[in-house]
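See below for the structure under consideration.
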Amino acid sequence: MLEAACPLAREAARPRSLIRRAPMRACEGRLAVADALVIPSLDLCRLFAGAQEGLALAVTLGAPMDALIRRLMLTDPALGSAVGACASALVDEVIDELLDGQREALAGEQLRLSPRFSPGYGDAPLSCQGPLLTWLEARRIGISLTSGGLMLPEKSVTALMALRPVEEKA
């Protein structure tokens, strides 16, 4: 099933991304992202402890992917589920490629990236997704948020990462 699904997902994908570097500081259980938003999260504070900057990203596979999955869920639910699984893996591939490029650029500055952390993970509230998307201007790549907090297109991801000196441990 996956052999049939993954080529369909790759064909439907219209990857778009944006990444923004900004001051990000952890203090008293909150992560301040530039002067734009504050995220209450002890988990993010641990990740960003001592960091002065970070990266925020938004990545989407686009609306055609959602349309394909919805259509297949009506006509062939097993294939639709398999395409959805392939799309989830594909969005991670897109992020990995984007971050590989960032790592190369940061190496010249003697900086490295922490693991990525998304709203809704750990104790970072999903309610910070809207302000993060607004700050990132994610509408430029077609990402919006429903009133129920679901990102559209559904195969979209946001994440935050701390920037640290190469010699420093996370």
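Sequential numbering from 211 applies to the sequence shown in our numbering. Quick reminder that beta carbons are idealized off the backbone N, C-alpha and C, glycines included.
Alpha carbon of residue i to alpha carbon of residue j, nearest angstrom
| i | j | result |
| --- | --- | --- |
| F258 | D302 | 22 Å |
| F327 | A236 | 14 Å |
| M234 | T285 | 46 Å |
| A219 | P287 | 15 Å |
| G318 | R230 | 18 Å |
| I305 | L289 | 24 Å |
| L355 | A232 | 23 Å |
| R226 | E347 | 13 Å |
| A222 | E238 | 44 Å |
| A299 | L309 | 15 Å |
Residue i in three-state terms, based on DSSP
| i | result |
| --- | --- |
| E377 | coil |
| L289 | helix |
| T368 | strand |
Same chain only: Cβ atoms within 8 Å of residue i, ignoring 5 sequence neighbours per side
| i | result |
| --- | --- |
| A295 | L212 and A215 |
| D253 | F327, Y331, G332, D333 and A334 |
Counted within 10 angstroms of its Cβ, other Cβ atoms place residue i as buried (16 or more) or exposed
| i | result |
| --- | --- |
| G264 | buried |
| V248 | exposed |
| Q262 | exposed |
| Q339 | buried |
Beta-carbon proximity list for residue i, same chain, < 6 Å, skipping 5 on both sides
| i | result |
| --- | --- |
| L336 | P329, G330 and G359 |
| V243 | M234 |
| I279 | G290, V293 and G294 |
7 Å Cβ shell around residue i - same chain, five flanking residues per side excluded
| i | result |
| --- | --- |
| L342 | L247, A266, P329 and T368 |
| R224 | L271, G272 and P274 |
| E314 | none |
CB contact below 9 Å: residue i versus chain D
| i | result |
| --- | --- |
| L342 | Here chain D cannot be found, since the structure has a single protein chain. |
If you pair each beta-carbon of the region 263–282 with each one of the region 355–366, do three or more pairs fall below 8 Å? Taking a cut-off of 8 Å on C-beta distances, the region 263–282 touches the region 355–366, as three or more cross pairs fall below it.
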